[in-house]
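Residue numbers (my numbering): 625 to 943.
Ideal placement from N, C-alpha and C gives every residue a C-beta, glycine not left out.
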């Protein structure tokens, strides 16, 4: 778990905080995205977690331990770090790049070789084909995969990712997004992912932190951001999405809870509470109906959604 308590950052010879005093908690195994425009403070905040920047005020705890009391090199070896430019050593092979931290930790050669192959498979690269290649022999997407493998090699609990897919083309970017989600599901790492891309933040994050001028505007799930925006800035920031796109991120169960829809007689098959509203719309398009039952994981009824509920959502100021 990561606990940030009253943390701020002001750089020398500046008159304003790059990050104003802020507090929040990230649970173990949570995937957090930090969203904001260039210069909003999102990367500065993340870099204080692994002490690339030292906080001006406040304290950051990792699993209850004050990071200021930890040896900085030991701290960074426990936290994987992935940047936009892959940062691979061009004269080293893929295997040597991935093994960097493992060698610092003085793992034996057999353990390192096994871990290199494990992490290559984790990022969907065949070890036999890739371990002896050099970075210049890889595509941009492959280089970024190797960067992720290197960050995961020493099996850190936390992975920090700073615009990791920003330099990758759109097709590879979507694939890498899917793969990092799969890696997180497999490994249960705590991931903090900085991005300026709204779709990327909403697609990947269990929760998203929206930053503006060094201040967290809202730290919430996708449903809460769209249905209960904290202020006009959040609502306006998310309005860049058309209605159909927004409904990919709002889940049926959250809308039932938000609107507390009255019971109706459903005429089509139920939908799960964790399904996006886009699926609900598909249900209505496939069959003539005015309502659909929403059920949770044990198939317990949560409530109903009607066409009128969707129409009301479309007219809501935040959407």
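Check the Cα spacing between residue 931 and each of 921, 937, 938 and 914: the tightest is with 914.
In the three-state reduction of the DSSP assignment, residue 803 falls in the helix class, which pools H, G and I. One thing to note: residue 723 has its Cβ no nearer than 8 Å to the Cβ of residue 756. Remark: three or more beta-carbon pairs, one from each stretch, lie closer than 8 Å, so the region 701-719 and the region 760-773 are flagged as touching. Assignment of residue 809 by DSSP, reduced to helix, strand and coil, places it in the helix class. In the same chain as residue 796, and ignoring 5 residues on each side of it, the C-beta atoms closer than 6 Å to its own belong to 765, in chain order. Put simply, of 911, 862, 910 and 903 the residue whose alpha carbon is nearest the alpha carbon of residue 918 is 903. Under the DSSP definition of a beta bridge, residue 910 lacks any partner. Taking the CA atoms as reference points, residue 929 sits about 16 Å from residue 872. If you look at residue 932, you'll find it in the alpha helix (DSSP H) that goes 931-939. Bridge pairing for residue 896: 919 [DSSP]. In the DSSP assignment, residue 704 forms a beta bridge with 783.
Under the DSSP assignment, residue 679 falls outside any beta strand (DSSP E); it carries neither an H nor an E label. DSSP lists 633 as the beta-bridge partner residues of residue 643. Straight through space, the alpha carbons of residue 637 and residue 804 are spaced by roughly 38 Å. Counting the other Cβ atoms within 10 Å of the Cβ of residue 809 gives fewer than 16, which makes it exposed. For the 8 Å CB-CB criterion, residue 837 and residue 664 form a contact.
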